[in-house]
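Undergrad: Listed in order, the protein sequences are those of chains B and P.
Heads up, the first sequence is in the UniProt record's numbering, so the first residue is 1 and it goes up one at a time.
Heads up, the second sequence is in the UniProt record's numbering, so the first residue is 1 and it goes up one at a time.
There are 2 protein chains.
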Amino acid sequence: MATINDNYLKLKAGYLFPEIARRVNTFAEANPDAKVIRLGIGDVTEPLPEACRTAMIKAVEEMGVREGFKGYGPEQGYAWLRDAIAQNDFQSRGCNIDASEIFISDGSKCDNGNILDIFGNNNKIAVTDPVYPVYVDTNVMAGHTGDANEAGEYGGLVYLPVTAENNFTAQIPTEKVDLIYLCFPNNPTGATATKEHLQEWVKYAKANGAIIFFDAAYEAFISDPSLPHSIYEIEGARDCAIEFRSFSKNAGFTGTRCALTVVPKTLTGKAADGSDVELWKLWNRRQSTKFNGVSYIIQRGAEAVYSDAGKAQTKALVSFYMENAKIIRERLTAASIQVYGGVNAPYVWLKTPNNLSSWDFFDKLLNTVNVVGTPGSGFGAAGEGYFRISAFNSRENVEEAMRRITEKFKV
Amino acid sequence: MATINDNYLKLKAGYLFPEIARRVNTFAEANPDAKVIRLGIGDVTEPLPEACRTAMIKAVEEMGVREGFKGYGPEQGYAWLRDAIAQNDFQSRGCNIDASEIFISDGSKCDNGNILDIFGNNNKIAVTDPVYPVYVDTNVMAGHTGDANEAGEYGGLVYLPVTAENNFTAQIPTEKVDLIYLCFPNNPTGATATKEHLQEWVKYAKANGAIIFFDAAYEAFISDPSLPHSIYEIEGARDCAIEFRSFSKNAGFTGTRCALTVVPKTLTGKAADGSDVELWKLWNRRQSTKFNGVSYIIQRGAEAVYSDAGKAQTKALVSFYMENAKIIRERLTAASIQVYGGVNAPYVWLKTPNNLSSWDFFDKLLNTVNVVGTPGSGFGAAGEGYFRISAFNSRENVEEAMRRITEKFKV
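#1: Hey, is residue 110 of chain B's beta-carbon within less than 8 Å of any beta-carbon in chain P?
#2: For residue 225 of chain B, count neighbouring C-beta atoms within 10 Å of its own C-beta (all shown protein chains included) and say buried if the count is 16 or more, exposed if not.
#3: Between the Cα of residue 160 of chain B and those of B:384, B:167, B:171, spot the shortest distance and give me the residue it belongs to.
#4: Contact between the region 82 to 93 of chain B and the region 141 to 161 of chain B is defined here as three or more beta-carbon pairs at a separation below 8 Å; is this criterion met?
#5: Below 7 Å on C-beta distance, what does residue 47 of chain B contact in chain P?
#6: Would you kindly work out how many angstroms separate the C-alpha atoms of residue 270 of chain P and residue 103 of chain B, rounded to a whole number?
#7: Grab the span of the alpha helix (DSSP H) containing residue 85 of chain B for me, first residue to last.
#8: Just grab the DSSP bridge partners of residue 245 of chain B for me.
#9: Since residue 254 of chain B meets chain P, which of its residues come closer than 7 Å, beta carbon to beta carbon?
#10: Give a yes or no on whether the minimum CB-CB distance between residue 50 of chain B and chain P is below 8 Å.
#11: Let me confirm a value: residue 295 of chain P is counted as buried when at least 16 other C-beta atoms fall within 10 Å, else exposed. Which label applies?
#12: Quick one: list the residues of chain B neighbouring residue 53 of chain P, beta-carbon separation under 9 Å, in chain order.
#13: List, from N- to C-terminal side, the beta strand (DSSP E) runs of 3 residues or more that fit wholly inside the region 115 to 182 of chain P.
#14: Less than 8 Å between the CB atoms is what I'm expecting for residue 344 of chain P and residue 398 of chain P, so what's the real figure, rounded?
#15: If you follow the beta strand (DSSP E) that residue 268 of chain P is part of, which residue opens it and which one closes it?
#16: Is the shortest distance between the beta-carbon of residue 90 of chain B and the beta-carbons of chain P less than 8 Å?
#17: What separation, rounded to the nearest whole angstrom, lies between the Cα atoms of residue 64 of chain B and residue 347 of chain P?
#18: Compile a chain-ordered list of the residues in the region 244 to 276 of chain P whose CB is closer than 7 Å to at least one CB of chain B.
#19: Quick one: using the 10 Å Cβ neighbour count with 16 as the cut-off for buried, is residue 303 of chain P buried or exposed?
#20: Let's see if you can read the secondary structure: which residues bound the alpha helix (DSSP H) around residue 308 of chain B?
#21: Check whether the Cβ atoms of residue 99 of chain B and residue 117 of chain B sit closer than 8 Å, and answer yes or no.
#22: Does the Cβ of residue 18 of chain B have 16 or more other Cβ atoms within 10 Å, making it buried, or fewer, making it exposed?
#23: Whose Cβ in chain P lies nearer than 9 Å to the Cβ of residue 1 of chain B?
#24: Is the distance from the Cβ of residue 241 of chain B to the Cβ of residue 214 of chain B below 8 Å?
#25: Give the straight-line distance between the Cα atoms of residue 51 of chain P and residue 307 of chain P, rounded to the nearest whole angstrom.
#26: Thinking just about the alpha-carbon of each residue, which of P:380, P:234, P:359 is nearest to the one in residue 372 of chain P?
#27: Cβ closer than 8 Å: which chain P residues qualify as neighbours of residue 107 of chain B?
#28: Whose Cβ in chain B lies nearer than 8 Å to the Cβ of residue 117 of chain P?
#29: How about residue 134 of chain P: is its C-beta nearer than 8 Å to some C-beta of chain B?
#30: Buried or exposed: where does residue 299 of chain B fall if 16 or more other Cβ atoms within 10 Å of its Cβ makes it buried?
#31: How about residue 350 of chain B and residue 338 of chain B: do their beta carbons lie closer than 8 Å?
#32: Could you name the residues that DSSP lists as bridge partners for residue 278 of chain B?
#33: Please determine if the region 192 to 212 of chain P and the region 235 to 252 of chain P are in contact, where contact requires at least 3 C-beta pairs separated by less than 8 Å.
#34: As an exercise, report each continuous alpha helix (DSSP H) stretch of at least 4 residues that is fully enclosed by the region 334 to 402 of chain P, in chain order.
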């Protein structure tokens with residue numbers, strides 16, 4: 001009799017975004033004339049950069065002649081893309097990362113989940129609270145947790161609260177943990193980490209033989225030149241950190257699909273016999289066996305992000321969304337709503353007015369002004385009473401959403 | 001201290017194809033003038049169908065305007081592609097498969113590995129021998145096996161030998177197993193299954209509460225009209241089988257990346273408390289959490305496979321490779337080499353001459369006639385003494401490879 005992975009049954013009902021979609025659809029069906037503006041899910045809205053499109057069309061055409069046809073590519077990604085990334089994203093910022101340490105994938109979400117494949121089941125895992133739900137859910141699925149309590153916290157995980165009280169900066173744990181998820185610029189709070197803060201984490205990880213999973217999916221949105229874009233800007237990080245990046249947000253690839261994960265060859269984990277095993281070798285084996293690489297066409301599109309035209313076009317995209325974030329911050333502040341983030345990140349994190357619960361504020365916003373955001377409590381217990389507004393939308397929609405909100409909520 | 005997944009250390013050195021690549025590279029470096037012909041890895045060589053290219057270029061162009069831009073798509077795939085597949089691949093053959101039961105992915109290899117995520121760790125697993133190595137390796141990685149013996153057989157797995165002696169037809173196990181991997185048309189042997197044979201498996205699976213993983217990646221190569229293309233042509237299969245398919249071989253998508261997995265909503269597995277849990281729900285949750293869907297551009301390319309032009313072009317591609325297979329069969333037979341397969345599958349499986357071991361024949365072929373094939377023993381202990389020749393290459397290369405082999409080996 002085939003048995004199932006019982007850990008799946010511990011998962012709380014529905015991933016956050018499907019639940020939002022459900023409520024929005026219910027509302028839209030009941031109110032077919034309402035013009036709903038979606039600032040919930042962090043999905044980009046503006047056209048794909050021309051440089052990427054031109055490169056992809058060329059790649060499709062190459063596939064049409066025998067001499068240009070590409071079959072199976074390297075599971076790790078094409079060398080020309082790995083080289084471009086190593087040079088532009090890492091070496092140019094002083095990070096000692098080699099192209100061979102970069103693995104191209106079809107999504108950061110995938111890699112965030114799949115990376116657990118190469119680790120043991122007895123690691124103590126730390127996450128911030130609030131947190132990107134995929135970090136938690138994939139650990140639940142892998143059997144690394146107990147059941148959830150009423151607040152949605154899973155037994156066995158170490159939650160590190162990040163709230164206005166601690167300036168959205170997780171405190172280094174006092175207990176010993178083995179795997180640590182960090183995301184900067186942060187989803188959902190929009191908070192950033194200074195080099196000094198990351199240096200503390202690296203010091204902790206090295207002292208404890210821990211591995212940091214550093215999610216830098218939003219690094220392109222950093223405007224403050226003093227802030228690190230990569231954890232490898234921190235001395236010692238090559239010995240304790242895996243970094244995840246994506247083309248989703250800087251180049252608008254959420255529907256095009258390309259991302260990357262950096263696994264330095266200096267990283268090791270402990271085997272049961274006490275020996276140190278190279279994590280690069282394990283991840284390389286995992287990807288070779290369970291993955292077939294990203295489409296050649298898409299990789300050519302990603303490569304174009306690093307051309308002169310591509311750099312200018314992605315910079316313009318990022319600036320566009322960050323101007324949206326600025327508008328959101330200013331208008332909400334004018335409406336006496338307390339806001340955080342939105343300066344080095346495309347997310348504005350706000351304190352709900354009148355101490356409304358996150359979901360109550362979600363329903364109120366949806367029902368009264370037809371604007372969709374993301375309830376903070378959906379990201380974890382410590383997110384209760386907060387709310388995320390995404391800057392990913394057209395200028396017109398952002399302006400209109402803010403006009404509606406300020407009219408309704410102004411003091 | 002972060003620990004690793006120790007199961008990875010049980011894996012035998014290198015996946016089969018990297019080992020072949022290593023030997024070929026060593027030979028090519030030592031013999032830079034040799035014109036090596038690769039009939040080893042099952043990778044297509046002919047241009048991507050025009051219908052697919054046209055559709056992808058159109059999709060790229062859509063992405064260039066705000067109104068046509070696509071961000072995150074459904075993790076399960078776009079409805080228009082799932083509909084086209086349900087109608088053309090299943091309903092047209094009398095299979096009762098709904099579009100909602102089809103999950104689009106970026107590769108069958110990925111799905112073959114990932115499907116284990118939703119199953120328990122205590123299932124008894126059966127594979128044929130020889131077998132596509134990914135089935136075995138992913139179970140090793142997931143901790144479902146013991147160590148390997150000298151023949152490369154992992155403890156805990158049930159191996160079902162398929163050799164010339166049993167006409168390459170696995171015997172239904174006498175012991176009870178829970179998960180069964182079947183691949184028809186078979187990689188590597190090129191053998192096929194009749195409806196009667198599959199009916200026996202379905203009967204066994206239903207009687208034992210087992211789930212069949214049915215890999216139909218090569219169904220497009222079936223020429224015999226009496227043979228089933230899908231396991232859902234067999235009564236009762238909706239209650240016991242998951243089917244994997246791919247656009248890699250019929251439409252030349254090995255470098256473009258698109259595949260699909262069918263999980264009928266009628267399938268269940270046992271939870272620890274004895275209850276029956278819908279596998280569709282688990283797989284849907286797995287994909288929603290650990291996957292972000294296939295690129296919109298690529299899905300449009302896959303959809304075009306089902307247009308009139310796409311059908312004609314993929315049919316022509318398949319015919320081209322099958323003519324190669326016919327040439328390989330005929331020439332090897334003329335050289336007194338015993339061949340199997342190659343009639344309803346793009347692989348010819350041969351008995352090595354003079355009882356050479358598979359790897360000895362590999363080295364001999366490489367060194368004397370500069371032709372690369374795949375050692376049968378790389379697919380499992382029972383593949384020893386066999387060898388796989390792939391029909392995926394240009395006509396010119398296939399003709400030349402056969403000319404060299406027949407000259408060297410003719411009696």
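For glycine and all other residues, C-beta sits at the position ideal for the given N, C-alpha and C.
Keep in mind the model is a prediction, meaning the values are calculated, not measured.
TA: Let me spell this out:
#1: In the first sequence, the residue the question calls residue 110 of chain B occupies position 110. Yes - at least one Cβ of chain P is within 8 Å of the one on residue 110 of chain B.
#2: Taking the first residue of the first sequence as 1, we reach residue 225 of chain B at position 225. Classification for residue 225 of chain B: exposed.
#3: Counting from one through the first sequence, the residue named residue 160 of chain B turns up at place 160. Measuring from the Cα of residue 160 of chain B, the nearest candidate turns out to be B:171.
#4: no
#5: Taking the first residue of the first sequence as position 1, residue 47 of chain B is located at position 47. Going along chain P in sequence order, the residues near residue 47 of chain B (Cβ under 7 Å) are 63, 64, 65, 66, 69.
#6: Here residue 270 of chain P corresponds to residue number 270 of the second sequence, with the count starting at 1. Here residue 103 of chain B corresponds to residue number 103 of the first sequence, with the count starting at 1. Each residue's alpha carbon lies about 37 Å from the other.
#7: Numbered from its first residue, the first sequence carries residue 85 of chain B at position 85. Taken as a continuous stretch (DSSP letters only), the alpha helix (DSSP H) holding residue 85 of chain B covers 79 to 85.
#8: Residue mapping note: residue 245 of chain B aligns to position 245 of the first sequence, counting from 1. The partner list for residue 245 of chain B (beta bridge, DSSP) reads B:260.
#9: Translated into the one-based positions of the first sequence, residue 254 of chain B becomes position 254. Per Cβ cutoff of 7 Å: 71, 72.
#10: Taking the first sequence and counting its residues from 1, one reaches residue 50 of chain B at position 50. Closer than 8 Å to some Cβ of chain P, the Cβ of residue 50 of chain B qualifies, so yes.
#11: One-based indexing of the second sequence puts residue 295 of chain P at position 295. Result: buried.
#12: The residue you call residue 53 of chain P lines up with position 53 of the second sequence. 60, 61, 63, 64, listed in chain order.
#13: 125 to 129, 157 to 161
#14: The sequence position of residue 344 of chain P within the second sequence is 344, counting from 1. The sequence position of residue 398 of chain P within the second sequence is 398, counting from 1. Not a contact, Cβ separation roughly 18 Å.
#15: Along the second sequence, read from residue 1 onward, the residue named residue 268 of chain P stands at position 268. Run containing residue 268 of chain P: 268 to 270, per the beta strand (DSSP E) assignment.
#16: Within the first sequence, residue 90 of chain B is the residue found at index 90, counting from 1. It does not: the Cβ of residue 90 of chain B has no partner Cβ on chain P nearer than 8 Å.
#17: The sequence position of residue 64 of chain B within the first sequence is 64, counting from 1. The sequence position of residue 347 of chain P within the second sequence is 347, counting from 1. Put simply, the backbone Cα of residue 64 of chain B is about 24 Å away from that of residue 347 of chain P.
#18: The residues in question are 254, 255, 256, 257, 269, 270, 271, 272.
#19: What you label residue 303 of chain P is simply residue 303 of the second sequence in a count that begins at 1. The residue in question, residue 303 of chain P, is buried, as its Cβ has 16 or more Cβ neighbours within 10 Å.
#20: Counting from one through the first sequence, the residue named residue 308 of chain B turns up at place 308. Start and end: 308 to 334.
#21: The sequence position of residue 99 of chain B within the first sequence is 99, counting from 1. The sequence position of residue 117 of chain B within the first sequence is 117, counting from 1. No, the pair does not count as a contact, with Cβ atoms beyond the cut-off.
#22: Along the first sequence, read from residue 1 onward, the residue named residue 18 of chain B stands at position 18. Residue 18 of chain B should be labelled exposed.
#23: Translated into positions along the first sequence, residue 1 of chain B becomes position 1. Under the 9 Å cutoff, chain P gives 123, 176, 178, 208, 209, 210, 269, 270.
#24: In the first sequence, counting from the first residue as 1, residue 241 of chain B sits at position 241. In the first sequence, counting from the first residue as 1, residue 214 of chain B sits at position 214. In contact: residue 241 of chain B and residue 214 of chain B (Cβ atoms closer than 8 Å).
#25: Here residue 51 of chain P refers to the residue found at position 51 of the second sequence. Here residue 307 of chain P refers to the residue found at position 307 of the second sequence. Answer to the nearest angstrom: the Cα atoms are 8 Å apart.
#26: Your numbering for residue 372 of chain P matches position 372 in the second sequence. Closest option to residue 372 of chain P, Cα to Cα, is P:359.
#27: To locate residue 107 of chain B, count along the first sequence from 1; it is residue 107. By Cβ distance, chain P contributes 291, 292.
#28: Working through the second sequence from its first residue, we reach residue 117 of chain P at position 117. Those within 8 Å of residue 117 of chain P in chain B are 5, 141.
#29: Here the question's residue 134 of chain P lines up with position 134 in the second sequence. True, the Cβ-Cβ gap to chain B drops below 8 Å.
#30: Here residue 299 of chain B refers to the residue found at position 299 when the first sequence is read from its first residue. Buried is the call here.
#31: One-based indexing of the first sequence puts residue 350 of chain B at position 350. One-based indexing of the first sequence puts residue 338 of chain B at position 338. Yes, they are a contact pair.
#32: Translated into positions along the first sequence, residue 278 of chain B becomes position 278. In DSSP, residue 278 of chain B forms a bridge with B:268.
#33: Output reads yes: the region 235 to 252 of chain P touches the region 192 to 212 of chain P.
#34: 358 to 364
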